[in-house]
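**Q**
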Amino acid sequence: MKKKYYSIIDIGSNTMRLVIYTKDKSGRLHEFENTKAVARLRNYLNSDNTLSDKGIARMVNTLRSFKEVVDTYELNELVCVATATIRQAKNNQAIKEIVKKEVGWEMQILSEKEEAYYGYLAVVNSTSISEGITVDIGGGSTEITYFKNRRLVDSHSFPFGALTLKDCLTGNKSMEKKLVNLRAYLFEQFNTLDWLADKQLPLIGIGGSARNLAQIHQSREHYPLAGLHQYQMNDSDIAETTSFLSSLSDEELRKVEGLSDDRIDTIVPAANVFLCLYQIIDAKTFVLSRKGLRDGVFYERLTDHLESPLYPNVLEDSIEDLVHKYNLNETQIQHVQFLTKKLLQELQINGLGSLTGHDWELLDRACRVYNLGQYIDSESSAQHTFYLLANRTIDGLMHINRLKLALIASFKNKTVFNQFIEPFHNWFLKKERKKLCTLGALLKFTYSLDATKRQVVQDFDFSISKGAIKLTLFCNSDFMPEEYQANKQKKHLEKALHNNIELKFVRS
Numbered sequence: 451m452k453k454k455y456y457s458i459i460d461i462g463s464n465t466m467r468l469v470i471y472t473k474d475k476s477g478r479l480h481e482f483e484n485t486k487a488v489a490r491l492r493n494y495l496n497s498d499n500t501l502s503d504k505g506i507a508r509m510v511n512t513l514r515s516f517k518e519v520v521d522t523y524e525l526n527e528l529v530c531v532a533t534a535t536i537r538q539a540k541n542n543q544a545i546k547e548i549v550k551k552e553v554g555w556e557m558q559i560l561s562e563k564e565e566a567y568y569g570y571l572a573v574v575n576s577t578s579i580s581e582g583i584t585v586d587i588g589g590g591s592t593e594i595t596y597f598k599n600r601r602l603v604d605s606h607s608f609p610f611g612a613l614t615l616k617d618c619l620t621g622n623k624s625m626e627k628k629l630v631n632l633r634a635y636l637f638e639q640f641n642t643l644d645w646l647a648d649k650q651l652p653l654i655g656i657g658g659s660a661r662n663l664a665q666i667h668q669s670r671e672h673y674p675l676a677g678l679h680q681y682q683m684n685d686s687d688i689a690e691t692t693s694f695l696s697s698l699s700d701e702e703l704r705k706v707e708g709l710s711d712d713r714i715d716t717i718v719p720a721a722n723v724f725l726c727l728y729q730i731i732d733a734k735t736f737v738l739s740r741k742g743l744r745d746g747v748f749y750e751r752l753t754d755h756l757e758s759p760l761y762p763n764v765l766e767d768s769i770e771d772l773v774h775k776y777n778l779n780e781t782q783i784q785h786v787q788f789l790t791k792k793l794l795q796e797l798q799i800n801g802l803g804s805l806t807g808h809d810w811e812l813l814d815r816a817c818r819v820y821n822l823g824q825y826i827d828s829e830s831s832a833q834h835t836f837y838l839l840a841n842r843t844i845d846g847l848m849h850i851n852r853l854k855l856a857l858i859a860s861f862k863n864k865t866v867f868n869q870f871i872e873p874f875h876n877w878f879l880k881k882e883r884k885k886l887c888t889l890g891a892l893l894k895f896t897y898s899l900d901a902t903k904r905q906v907v908q909d910f911d912f913s914i915s916k917g918a919i920k921l922t923l924f925c926n927s928d929f930m931p932e933e934y935q936a937n938k939q940k941k942h943l944e945k946a947l948h949n950n951i952e953l954k955f956v957r958s
């Protein structure tokens with residue numbers, strides 16, 4: 451199938467960016483190419499609030515460079531948007547005409563409400579957070595939204611951004627006094643929005659400053675997982691990272707892992723925005739969203755034929771995307787789901803393995819991506835399965851839940867399970883580790899009941915007699931491969947449940 455390409459050019463106050471997406475079978479967009487140029491257009495605003503000729507020339511030259519890249523693709527759609535600096539420039543209509551004449555693109559100048567809306571839309575279509583506060587710090591403005599039941603309730607755009615706030619940290623006063631003044635200003639501004647106070651919700655950070663803050667924290671913590679989307683921090687994490695950055699000179703900041711060179715002079719004011727806002731809303735957690743304005747623009751465009759621009763189930767779509775990407779057998783998945791759910795319920799009813807109905811949520815997902823690493827290599831499929839699931843973004847899953855999914859879906863035996871979980875040993879209590887091991891063993895066993903992918907084992911009866919679990923498995927054709935595999939794999943479940951399992955295969 452011929453790939454479909456979509457492109458967006460984002461003309462920001464600090465950076466200009468070109469992103470090219472491809473569309474997958476599920477209809478979701480995946481980033482294919484990402485090019486950034488540090489233009490700092492905010493610095494080219496004159497005292498009369500017009501963008502200078504030098505600033506316009508820099509913007510146009512960057513756009514021409516981007517055009518050479520996009521001209522190598524057969525694009526289904528190209529969108530060019532501009533945010534705060536162009537919006538605030540009095541000569542923005544003249545700038546639009548220059549872009550059209552010199553580059554051939556129609557530039558859309560986003561309003562404050564549109565900019566806030568697209569950030570919100572990106573978050574609700576790429577996470578499973580149903581209620582929260584978003585914050586997107588650009589170079590010249592800061593957009594904040596509040597959404598509930600995934601619907602936008604309130605939004606506001608403040609006329610300050612990372613580039614304007616850095617001026618608060620200039621002058622001869624001590625850094626401590628400058629930070630006190632900056633925070634006082636931020637609290638004063640945020641307190642003008644009565645819908646922010648004490649929300650006690652997740653605070654979702656969007657944009658480059660939030661991304662850099664998360665990267666720095668991951669580096670300092672030696673974080674063992676890859677990926678930034680849906681990475682979580684608490685107030686002490688933000689405070690400690692902000693304090694660390696505030697203590698460094700520009701030269702020292704250049705050496706900080708995770709900090710882009712173009713954000714050396716803006717990361718401290720941006721981090722203080724996150725910290726102050728966290729405290730104002732008494733947030734539960736800070737969540738980084740790698741999806742932002744650019745993604746939101748295309749979420750709207752790709753759903754314009756639907757009643758709502760909201761994807762009904764973000765996580766479901768992400769799992770479905772994995773099933774397609776790794777060519778997993780959907781007929782087998784559905785059959786194993788039936789067997790797994792029934793066995794889980796029987797074990798739960800009989801008080802075995804400390805299992806609950808809530809465990810089905812984890813098992814259901816793991817059923818669908820079990821052993822997907824065989825797509826790369828069947829001999830080391832467990833290692834590939836764990837690495838792929840633990841280290842790739844899965845929209846709708848926080849990192850710890852992504853790790854749980856990886857541990858269950860990659861289960862081979864307890865020794866390998868312990869190897870995989872070792873770097874994350876402190877993430878779980880002992881009983882949680884035991885539960886994940888049990889769920890992995892259960893899933894490996896039920897998949898062995900469909901070893902030949904023919905759905906031979908149609909159903910089973912469950913009973914307990916003389917301290918042993920007895921399964922009578924009803925088959926619709928020759929069951930020798932399934933019988934062999936099930937008797938081979940049941941030992942892992944026996945160890946996890948501390949019970950023997952007796953299998954009786956019956957041709958019905």
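Here the sequence shown stands for residues 451 to 958, numbered as in our numbering. All C-beta atoms in this analysis are idealised placements derived from N, C-alpha and C, irrespective of residue type, glycine included. On a predicted model such as this, the values are computed, not experimentally measured, just so you know.
1. Between the segment 832-851 and the segment 806-824, do three or more beta carbon pairs fall short of 8 angstroms?
2. What residue range does the beta strand (DSSP E) around F736 cover?
3. Can you tell which of E932, L921 and F912 has its C-alpha closest to the C-alpha of R904?
4. Give me the residue from N641, V603, S591 and L629 with the minimum Cα distance to S659.
5. When the Cβ atoms of the segment 713-722 are set against those of the segment 597-616, are three or more pairs found closer than 8 angstroms?
6. Taking its Cβ as the centre, do 16 or more other Cβ atoms sit within 10 Å of T806, making it buried, or is it exposed?
7. Under a Cβ-count criterion, where at least 16 other Cβ atoms within 10 Å of its own Cβ denotes burial, should F637 be classed as buried or exposed?
8. Please list the terminal residues of the continuous alpha helix (DSSP H) segment that includes E481.
9. Since L663 and I583 are thought to touch, with beta carbons under 8 angstroms apart, how far apart are those beta carbons, to the nearest angstrom?
10. What are the complete beta strand (DSSP E) segments, minimum 3 residues, inside the segment 604-676?
11. I'd like the list of long-range same chain contacts for F870, defined as Cβ closer than 7 angstroms, with 5 residues on each side in sequence excluded.
12. Would DSSP call V573 helix, strand or coil?
13. State the start and end residues of the unbroken alpha helix (DSSP H) segment that holds I799.
14. Closer than 8 angstroms is the cut-off here; do at least three beta carbon pairs connect the segment 455-470 with the segment 478-495?
15. Taking the runs of the beta strand (DSSP E) that are 3 residues or longer, which of them lie wholly in the segment 699-749?
16. Between which two residues does the beta strand (DSSP E) holding M466 run?
17. Could you check how far apart the C-beta atoms of I688 and F724 are, in whole angstroms? I think they sit under 8 angstroms.
18. Of the residues F608, R670 and S913, which one's Cα is nearest the Cα of L793?
19. What number of angstroms, rounded off, separates the C-alpha of I850 from the C-alpha of S578?
20. Would you call the segment 551-561 in contact with the segment 616-626, where contact means no fewer than 3 C-beta pairs closer than 8 angstroms?
21. For H480, count the other beta carbons within 10 Å of its own beta carbon; 16 or more makes it buried, fewer makes it exposed. Which is it?
22. Judging by CA-CA distance, which residue of I506, N722 and L879 is the nearest neighbour of E626?
23. Whether or not the segment 590-607 and the segment 562-574 are in contact is what I'm after, with contact meaning three or more pairs of Cβ atoms, one per stretch, closer than 8 angstroms; do they touch?
24. Under 8 angstroms, do S804 and K734 count as touching if we go by C-beta distance?
25. Based on the DSSP output, what are the partners of S830 in its beta bridges?
26. For the alpha helix (DSSP H) that contains V764, what are its first and last residues?
**A** Taking the coordinates as given:
1. yes
2. F736 to S739
3. E932
4. S591
5. The answer is yes - the segment 597-616 touches the segment 713-722, with three or more Cβ pairs under 8 angstroms.
6. Classification for T806: exposed.
7. exposed
8. From DSSP, E481 is part of no alpha helix (DSSP H) but of the beta strand (DSSP E) over L479 to V488.
9. Contact doesn't hold; Cβ gap of about 16 angstroms is too wide.
10. Taking only runs of at least 3 residues, the beta strand (DSSP E) segments lying wholly in the segment 604-676 are 653-656.
11. F836, L857 and S860
12. helix
13. It spans E780 to I799 - the alpha helix (DSSP H) in which I799 sits, taken as one unbroken run.
14. yes
15. 736-739
16. Going by DSSP, M466 is part of the beta strand (DSSP E) stretching over T465 to K473.
17. The beta-carbon separation of I688 and F724, rounded to 6 angstroms, stays under the 8 angstroms limit for a contact.
18. S913
19. 14 angstroms
20. no
21. It counts as exposed.
22. N722
23. yes
24. no
25. Answer is none; S830 lacks a bridge partner.
26. V764 to K775
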